[in-house]
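**Student:** Per the working numbering, the sequence shown starts with residue 2, numbered consecutively.
Where a beta carbon is used, it is the ideal one built from N, C-alpha and C, also for glycine.
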Amino acid sequence: MSATPVTVEADVSSGLPRFQIVGLPDAAVSEAKDRVRAAMKNSGFPFPRTNVTINLAPADTRKQGPLYDLAIALAILGAQGTIVDAKLLERTVVIGELSLDGTIRPARGVLLASSMAKREGYSGVLVAKENINEARLVEPLHIASARSLKDCVDQIETGKWQQLPKAVEIEAPPTSPTTDHGDDFALIAGQLHAKRALEIAAAGGHNILLSGPPGSGKTMLARAFASLLPPPTVDESIEITSIHSIAGLLHGQRITNRPFRAPHHTSSGIALVGGGTQPRPGEISLAHRGVLFLDEFPEFSRAVLENLRQPLEDGTIAVSRASGSVTFPARFMLVASMNPCPCGFISDPGIACTCTPGNILKYQQKISGPLLDRIDLRVEVPRVAFDDLSSTTPGESSAVIRERVTTVRSLTQERYASFGIFTNAELKPSLMKAWCALTNDGMILLKSAVDRLHMSARSYGRILKVARTIADLAREETISAAHLAEALQYRIRNA
Ligand SMILES: Nc1ncnc2c1ncn2[C@@H]1O[C@H](COP(=O)(O)OP(=O)(O)OP(=O)(O)O)[C@@H](O)[C@H]1O
Ligand SMILES: [Mg+2]
Numbered sequence: 002m003s004a005t006p007v008t009v010e011a012d013v014s015s016g017l018p019r020f021q022i023v024g025l026p027d028a029a030v031s032e033a034k035d036r037v038r039a040a041m042k043n044s045g046f047p048f049p050r051t052n053v054t055i056n057l058a059p060a061d062t063r064k065q066g067p068l069y070d071l072a073i074a075l076a077i078l079g080a081q082g083t084i085v086d087a088k089l090l091e092r093t094v095v096i097g098e099l100s101l102d103g104t105i106r107p108a109r110g111v112l113l114a115s116s117m118a119k120r121e122g123y124s125g126v127l128v129a130k131e132n133i134n135e136a137r138l139v140e141p142l143h144i145a146s147a148r149s150l151k152d153c154v155d156q157i158e159t160g161k162w163q164q165l166p167k168a169v170e171i172e173a174p175p176t177s178p179t180t181d182h183g184d185d186f187a188l189i190a191g192q193l194h195a196k197r198a199l200e201i202a203a204a205g206g207h208n209i210l211l212s213g214p215p216g217s218g219k220t221m222l223a224r225a226f227a228s229l230l231p232p233p234t235v236d237e238s239i240e241i242t243s244i245h246s247i248a249g250l251l252h253g254q255r256i257t258n259r260p261f262r263a264p265h266h267t268s269s270g271i272a273l274v275g276g277g278t279q280p281r282p283g284e285i286s287l288a289h290r291g292v293l294f295l296d297e298f299p300e301f302s303r304a305v306l307e308n309l310r311q312p313l314e315d316g317t318i319a320v321s322r323a324s325g326s327v328t329f330p331a332r333f334m335l336v337a338s339m340n341p342c343p344c345g346f347i348s349d350p351g352i353a354c355t356c357t358p359g360n361i362l363k364y365q366q367k368i369s370g371p372l373l374d375r376i377d378l379r380v381e382v383p384r385v386a387f388d389d390l391s392s393t394t395p396g397e398s399s400a401v402i403r404e405r406v407t408t409v410r411s412l413t414q415e416r417y418a419s420f421g422i423f424t425n426a427e428l429k430p431s432l433m434k435a436w437c438a439l440t441n442d443g444m445i446l447l448k449s450a451v452d453r454l455h456m457s458a459r460s461y462g463r464i465l466k467v468a469r470t471i472a473d474l475a476r477e478e479t480i481s482a483a484h485l486a487e488a489l490q491y492r493i494r495n496a
């Protein structure tokens with residue numbers, strides 16, 4: 002998740018007309034030849050009829066994509082003397098694809114490039130007009146933008162270039178509009194148990210699985226879950242924005258909402274975890290610091306779901322491809338929903354289940370034990386009773402619950418500030434020792450639970466973390482038996 006500078010050098014010398022690009026370019030970079038030649042000609046700059054060599058340094062890293070077009074064109078114009086003051090460009094990061102008429106097209110990953118420019122002390126960044134807001138998210142830095150190659154050269158020639166305003170002097174970059182996140186919790190009848198579990202999940206950043214008969218409101222609850230989350234902190238927001246920038250999904254604004262991604266169950270492994278020949282972040286990375294909602298959990302292919310195991314544990318995903326390996330952050334909350342059996346009624350006391358035992362087993366086996374072990378809270382969402390449905394007293398609204406969630410989140414953020422984590426779910430074993438102190442009763446209960454329920458070491462850790470969140474919601478320092486008991490009941494495997 003960081004950019005590396007590539008130096009573009011041009012040599013224009015006498016000899017037979019020839020145009021070559023060296024320095025490990027891929028096919029898209031090599032095609033720059035045709036785009037640059039046409040763009041220059043159509044902008045009124047004759048292309049040299051001599052020998053032109055472009056070198057992309059360092060020569061041992063593979064260069065991908067069309068984002069070098071503009072830099073190549075400017076290097077040639079500098080080398081042949083069209084741009085007199087080419088020295089100006091030496092410490093500038095230039096990113097842009099050219100179209101045949103000379104227009105500069107926006108590129109992806111501009112936010113990372115401008116962060117790099119600031120880190121490495123470049124004097125400025127030159128991007129397409131469409132990318133300016135994205136480049137401006139990094140302050141303070143000289144940012145220039147141009148519509149076309151001609152516009153760009155004019156700016157340099159007229160000296161407008163030197164008077165570029167600093168990013169801070171331009172108005173603040175816009176933030177993303179608040180999106181509509183499903184229904185409000187007040188509109189969901191009954192389901193107090195599930196609502197409580199969702200509140201805990203939101204406060205601590207835990208994973209949750211909702212299971213119940215058709216039409217009981219699982220999808221509705223999961224969609225409303227996003228409305229419980231406080232907006233991301235500035236650091237979180239930059240992380241989220243960087244990932245969307247790489248994926249080319251940014252429209253020039255900083256993302257100030259937590260993402261809510263709900264990929265369909267037909268999604269492929271690459272779509273979910275990321276990859277491809279030019280590795281791109283998948284849904285789990287786009288859901289970083291937000292929610293990944295997998296509706297109809299068992300309908301996802303088992304192989305696709307197994308990919309989630311490592312990122313659920315580490316909060317990052319490493320994708321290796323022939324062109325190299327990349328690591329994307331993937332610290333998301335998993336919210337999954339499922340029916341307990343193919344017909345959906347095995348857990349319903351009033352309706353007979355029509356599935357054969359074999360079918361039920363096959364259905365449940367689609368979700369592996371190790372994956373289930375990583376889900377902290379498993380909640381039964383039963384059919385809603387008529388009295389609840391017809392009741393006119395509204396439940397708690399999302400805003401009220403969000404307030405409690407926000408209190409816990411600010412508390413944990415402050416508590417773990419020096420460890421670089423934000424939530425209880427991210428606690429590492431070493432930190433758990435320090436922060437998950439138990440009362441004596443709590444210790445006794447936990448011991449008997451671990452022994453009798455044959456819990457894994459992971460379950461033990463995850464229960465403690467959930468209990469920590471429950472104690473935080475109750476604003477208590479030490480985890481008591483009551484907090485543990487609540488955490489334990491979400492862990493018992495249902496149906
Ligand atoms: N608790 C509830 N309160 C109010 N309306 C509800 C509730 N549960 C379900 N509904 C209504 O039923 C519709 C279907 O609910 P939803 O899609 O959430 O069910 P589901 O549990 O996801 O079912 P399935 O297992 O078939 O996916 C909702 O759009 C809503 O109109
Ligand atoms: Mg549903």
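#1: For A21, name the three-state secondary structure that DSSP assigns.
#2: Roughly how many whole angstroms lie between the Cα atoms of L71 and D102?
#3: Is any heavy atom of ligand 2 found at a distance shorter than 7 Å from the C-beta of D184?
#4: For the structure I just gave you, are there three or more beta carbon pairs, one from the segment 245 to 253 and one from the segment 279 to 294, closer than 8 Å?
#5: Provide the residue(s) that pair with F420 in DSSP beta bridges, ordered along the chain.
#6: Who are V7's beta bridge partners in DSSP?
#7: Examine chain D for any beta-carbon lying closer than 8 Å to the beta-carbon of G16, and answer yes or no.
#8: Taking only runs that begin and end inside the segment 32 to 80, name each unbroken beta strand (DSSP E) of 3 or more residues, in chain order.
#9: Nearest to G82 by alpha carbon, out of I22, P47 and F346?
#10: Would A173 be called buried (16 or more neighbouring beta carbons within 10 Å of its own) or exposed?
#11: In this structure, does DSSP put D12 in helix, strand or coil?
#12: Note down, one range per segment and in chain order, each beta strand (DSSP E) of at least 3 residues found wholly within the segment 82 to 119.
#13: For Q192, is the classification buried or exposed, using 16 other Cβ atoms within 10 angstroms of its Cβ as the cut-off for buried?
#14: Taking Cβ positions, are L99 and R197 nearer each other than 8 Å?
#15: What are the residues that DSSP puts in a beta bridge with R463?
#16: For L293, count neighbouring Cβ atoms within 10 angstroms of its own Cβ and tell me buried if that reaches 16, exposed if not.
#17: Regarding Q192 and ligand 3, is the C-beta to nearest heavy atom distance less than 7 Å?
#18: To the nearest whole angstrom, what separates the beta carbons of S268 and V305, a pair I think is in contact under 8 Å?
#19: Could you pull the start and end residues of the beta strand (DSSP E) that T498 belongs to?
#20: Between which two residues does the beta strand (DSSP E) harbouring H143 extend?
#21: Find the nearest neighbour of N43 within the set L113, P350, K363 and K151, judged by alpha-carbon distance.
#22: Give the residues whose C-beta lies closer than 6 Å to at least one heavy atom of ligand 2, in chain order.
#23: Comparing C-alpha positions only, which one of T440, P430 and W436 sits nearest to E415?
#24: Suppose you measure from the CA of S217 to the CA of R463; what does that come to, to the nearest Å?
#25: What does a CB cutoff of less than 7 Å around L432 pick up in its chain, not counting 5 residues either side in sequence?
#26: Might you give, ordered along the chain, the residues of its own chain that have their beta carbon closer than 7 Å to the beta carbon of T51, omitting 5 neighbours on each side?
#27: Determine the DSSP secondary structure at P26, reduced to helix, strand or coil.
#28: Given the structure, does N56 come close to ligand 1, in the sense that its CB is under 7 Å from one of the ligand's heavy atoms?
#29: Is DSSP giving G160 helix, strand or coil here?
#30: Helix, strand or coil for A129, going by three-state DSSP, please let me know.
#31: With the cut-off set at 8 Å, would you say G97 and A129 are in Cβ contact?
#32: Output needed for E297: all residues of its chain with C-beta closer than 6 Å, excluding positions within five of it in sequence on either side, in chain order.
#33: Mapping the DSSP letters down to three states, classify E284 as helix, strand or coil.
#34: Taking just the CA atoms, how far does K64 sit from S398?
**Tutor:** According to the data block:
#1: What sits at residue 21 in the sequence shown is Gln, not Ala. Of the three classes helix, strand and coil, the one that applies to Q21 here is strand, per DSSP.
#2: Cα to Cα, the separation comes out at about 13 Å.
#3: Checking every heavy atom of ligand 2 against the Cβ of D184, none is found closer than 7 Å.
#4: Below 8 Å, enough C-beta pairs join the segment 245 to 253 and the segment 279 to 294 to call them touching: three or more.
#5: Answer by DSSP bridge pairing: none, since F420 is not bridged.
#6: As far as DSSP is concerned, V7 takes part in no beta bridge.
#7: In the displayed structure, chain D is absent; only one protein chain is listed.
#8: Within the segment 32 to 80, the complete beta strand (DSSP E) runs of at least 3 residues are 52 to 58.
#9: Of I22, P47 and F346, the residue nearest in Cα terms is P47.
#10: Low local confidence applies: a pLDDT of 46 at A173 is under 50, so the model's placement there is unreliable, with the coordinate-based value given in what follows. Residue environment analysis places A173 among the exposed positions, since fewer than 16 neighbouring C-beta atoms fall within 10 angstroms of its C-beta.
#11: Looking at D12 - three-state DSSP - the assignment turns out to be strand.
#12: Runs found: 93 to 95.
#13: With 16 or more other Cβ atoms from the protein chains shown falling within 10 Å of its own Cβ, Q192 counts as buried.
#14: Result no, Cβ atoms of L99 and R197 do not sit closer than 8 Å.
#15: For R463, which the question treats as bridged, DSSP gives no partner whatsoever.
#16: So L293 counts as buried.
#17: In the structure shown, ligand 3 is absent; the only ligands present are ligand 1 and ligand 2.
#18: Correct: roughly 7 Å between the Cβ atoms.
#19: What is shown of the chain runs 2 to 496, which leaves residue 498 out entirely.
#20: H143 -> beta strand (DSSP E) spans H143 to A147.
#21: Looking only at L113, P350, K363 and K151, the smallest Cα-Cα distance to N43 is reached by K151.
#22: Chain-ordered list of matching residues: K219, T220, D296 and S338.
#23: The alpha carbon of E415 has as its nearest neighbour, out of T440, P430 and W436, the alpha carbon of W436.
#24: In a straight line, the C-alpha of S217 is about 27 Å away from that of R463.
#25: Result list for L432: F420, in chain order.
#26: Close CB contacts of T51 within its chain, under the 7 Å cut and outside five residues either way in sequence, are with V13, S14, S15, G16 and P18 (chain order).
#27: In the three-state reduction of the DSSP assignment, P26 falls in the strand class, which pools E and B.
#28: No.
#29: Under the three-state reduction of DSSP, G160 is assigned to coil, being neither helix nor strand.
#30: Per DSSP, reduced to three states, the secondary structure at A129 is strand.
#31: Their beta carbons are under 8 Å apart, which means G97 touches A129 by this criterion.
#32: For E297, where only same-chain residues beyond five positions count, the Cβ hits under 6 Å are H266.
#33: In this structure, E284 counts as helix in the three-state DSSP scheme.
#34: So the two alpha carbons sit approximately 51 Å from each other.
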